[in-house]
Amino acid sequence: MINSNNNNESVYEDLELLDLRNEENNIDINLEMIRNKFSDPTFLSGLEQFLCNYSIPNGNQIVRKSISHHLRRLFGVSLNWEELLLVNNELAALEVFVNKFCLNGDLILCPAPFAYPELAKNIKTRTQIEFWPIHLTTNGIQLEINDLIKTYQKIEEKGRRARALLLHNPHPILGSLQDGDRRISKLVEWTSE
1 MINSNNNNES
11 VYEDLELLDL
21 RNEENNIDIN
31 LEMIRNKFSD
41 PTFLSGLEQF
51 LCNYSIPNGN
61 QIVRKSISHH
71 LRRLFGVSLN
81 WEELLLVNNE
91 LAALEVFVNK
101 FCLNGDLILC
111 PAPFAYPELA
121 KNIKTRTQIE
131 FWPIHLTTNG
141 IQLEINDLIK
151 TYQKIEEKGR
161 RARALLLHNP
171 HPILGSLQDG
181 DRRISKLVEW
191 TSE
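Here the sequence shown stands for residues 1 to 193, where the numbers follow the UniProt record's numbering.
Here's what the structure looks like:
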């Protein structure tokens, strides 16, 4: 899917492009396109290369090129597709992040309850990096700046430092959403100070 003005890149000639700016592209048209694709017996040919095989290191090249293209077109982010690393799930991504960006003794702040206690235990055992809970005392279901400040003050009193803030949206246990870009922007702004 492309949301841009120029759809003529030769690298993407095998991809079916969908212009999201066009109001005629409603859900019915998209569903019809999907129905037609799956009714074509040749549509899934070549799929066997992705099934029952080990995953390709860093992720599939076509997918990485597509993501790079999409980020550039939508957000103006220039990212070399060869620098993209795709992983199979959130836990794998979190483990890669911790291993690459955190130092022994760092803390990763996360709203309580944390959804992956076994992962946190394994990471702490191997790297001495801890997931530190932020108790949601302000409203009980969403992370507020006041909760973050209280937690950070406790950490500073213990002489520790936080390296990252992990937000799930929606939270995998509570199901709550960090609604609105403004709320998330405030949290990001506070963490960058």
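Beta carbons are placed, not taken as given, at the ideal position from N, Cα and C, and that holds for glycine.
Classification of residue i by the beta-carbon crowding that lies within 10 angstroms, buried from 16 upward
i: T191; result: exposed
i: V98; result: buried
i: T42; result: exposed
i: S68; result: buried
i: residue 261; result: With the chain covering only 1 through 193, there is no way to say anything about residue 261.
i: P111; result: buried
i: F38; result: exposed
Presumed contact (8 Å Cβ cut-off) between residue i and residue j, rounded CB distance
i: L109; j: L165; result: 5 Å
i: L148; j: I134; result: 6 Å
i: L136; j: Q128; result: That belief does not hold up - the Cβ atoms of L136 and Q128 are roughly 26 Å apart, past 8 Å.
Proximal residues to residue i (C-beta, below 6 Å), its chain only, five neighbours per side dropped
i: L86; result: G59
i: F123; result: Sequence inspection shows Ile at residue 123; the Phe mentioned does not correspond to that position. Once the five neighbours on either side are set aside, the close Cβ partners of I123 are V98 and I129.
i: L187; result: none
i: residue 274; result: Given a span of 1 to 193 for the chain in the structure shown, any question on residue 274 remains unanswerable.
i: R160; result: L107
i: W132; result: L107 and L109
Spatial neighbours of residue i in its chain, beta-carbon cut-off 8 Å, leaving aside the 5 residues before and after
i: L91; result: Y116 and L119
Sequence-distant residues of the same chain with beta carbon closer than 7 Å to residue i, five excluded per side
i: S78; result: R72
Problem set entry | Contact the segment 67–75 vs the segment 104–119: 3+ CB pairs below 8 Å | no
For this session: Please go through the segment 31–107 and give each complete alpha helix (DSSP H) segment of 4 or more residues, from N-terminal end onward.
Result: 61–75 and 90–101
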